[in-house]
Amino acid sequence: TAGGAKRFRDAARNTSLKVLMGTVQRHCPVNQMAKEIISRSEFGSPIMYQARYLCPGPGMRMDWGLNRNSDDDMFRFFLLDHIIHHLDIARFFMGEIVAVNTMRSHTENPHYAAAINYRFSSGIAGSQTICFRSPIFENRCLVAGDGPAWVETQNWTKLSYSTPDISVGQGGYSDGRIIQWDGGISYQDGVIRPGYREELTTWARSVLDDSECRADLEDGYREMLILDAIIQSAKTDKEIVIPEES
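In the numbering used here, the protein residues as written are 281 to 526.
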């Protein structure tokens with residue numbers, strides 16, 4: 281719950297321990313590369329965020345005490361176990377989310393599909409489509425800049441981007457000047473999924489260097505507030521503003 285996350289956050293403020301929250305996607309090499317591309321002068325300022333997350337399901341961690349037959353519990357589980365990672369990567373790329381507007385698909389069978397609109401503190405708008413019943417895992421994030429430029433990451437392992445300074449072709453409506461990167465088949469010499477080793481390395485480095493360690497429990501608390509706002513918006517069909525907390 282957001283209340284539980286706040287208690288963890290408040291306790292962490294009173295200790296010198298380095299605390300890392302396990303939202304792994306910001307640590308994936310493709311997302312670190314995308315963040316660096318977004319920071320380049322030729323990218324310009326971000327003007328739009330768009331993402332989609334499709335995964336096999338439904339499934340459930342039964343030890344969380346959630347009711348598999350409850351639509352509310354299952355939708356919350358999807359957000360808590362899956363989409364919270366995407367909330368973190370959206371904030372990593374774009375800054376704080378200050379409001380959300382959610383529309384769920386209403387069908388005869390429980391599909392747990394929704395479209396979410398985001399408003400960031402910078403004034404930028406974004407959106408995300410989510411679906412908890414897909415034959416495959418499909419995970420994409422795209423950021424557009426006014427360079428004009430854009431960068432997109434896919435499935436933790438692939439990156440594509442286009443900026444005005446690519447030295448081939450013409451761009452515009454003439455042709456597609458795109459640079460692509462693929463993690464290939466030898467990622468981490470077979471050590472689990474992208475991002476998990478980097479996540480632990482970030483935490484260890486922060487301990488050794490006394491440096492910043494994120495995502496931290498402040499991030500976790502903010503993302504739980506956003507998660508609750510997504511659920512509230514889906515129920516009320518209204519935009520929900522995320523409360524500011526000290």
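Every residue, glycine too, gets a C-beta built ideally from N, C-alpha and C.
Notebook entry, point to check: Out of Ser385, Pro336, Gly337, Phe357, which has the shortest C-alpha to C-alpha gap to Gly345?
Noted result: Ranked by Cα distance from Gly345, the options Ser385, Pro336, Gly337, Phe357 are led by Phe357.
Checklist line | Residue(s) in a DSSP beta bridge with Gly425 | finding: Per DSSP, Pro326, Ala429.
Next item on the list: Note down the Cα distance separating Glu498 from Arg289, rounded to an integer number of angstroms.
Entry: Cα to Cα, the separation comes out at about 6 Å.
Margin query: Using C-beta distances below 8 Å, list every residue in its chain close to Gly449, excluding the 5 sequence neighbours before and after it, in chain order.
Written below: The residues are Asp455, Gly456, Arg457.
Next item on the list: State yes or no: is the C-beta of Ile404 within less than 9 Å of the C-beta of Val380?
Entry: No Cβ-Cβ contact shorter than 9 Å links Ile404 with Val380.
Notebook entry, point to check: Once you ignore the five residues that flank Phe417 on each side, which residues in its own chain have a CB closer than 8 Å to its CB?
Noted result: Around Phe417: Leu334, Cys335, Pro336, Asn435.
Check: In chain order, what residues of the same chain lie with their CB nearer than 7 Å to the CB of Asp426, ignoring the 5 residues before and after it?
Finding: Gly324, Ser325, Ile327.
Notebook entry, point to check: Does Asp368 have its Cβ less than 9 Å from a Cβ in chain D?
Noted result: The chain labelled as chain D is not found in the depicted structure, where only one protein chain is given.
Notebook entry, point to check: Could you give the distance in angstroms between the alpha-carbon of Tyr453 and the alpha-carbon of Thr443?
Noted result: Roughly 14 Å between the two C-alpha positions.
Margin query: In the DSSP assignment, the beta strand (DSSP E) including Phe412 goes from what residue to what residue?
Written below: From DSSP, Phe412 is part of no beta strand (DSSP E); its letter is neither H nor E.
Margin query: If the criterion is Cβ atoms closer than 9 Å, does the pair Phe372 and Asn311 meet it?
Written below: Between Phe372 and Asn311, the CB-CB gap stays under 9 Å.
Checklist line | Proximity to Gln460 [Cα-Cα], best of Glu432, Gly451, Leu480, Arg473 | finding: Restricting attention to Glu432, Gly451, Leu480, Arg473, the CA atom closest to the CA of Gln460 is found in Glu432.
Next item on the list: Rounded to whole angstroms, what's the CA-CA distance from His391 to Glu478? Just pull it up for me.
Entry: C-alpha of His391 to C-alpha of Glu478: approximately 33 Å in a straight line.
Margin query: Using only CA atoms, which one of Thr295, Val423, Val378 lies nearest to Leu507?
Written below: It is Val378 whose Cα lies nearest to the Cα of Leu507.
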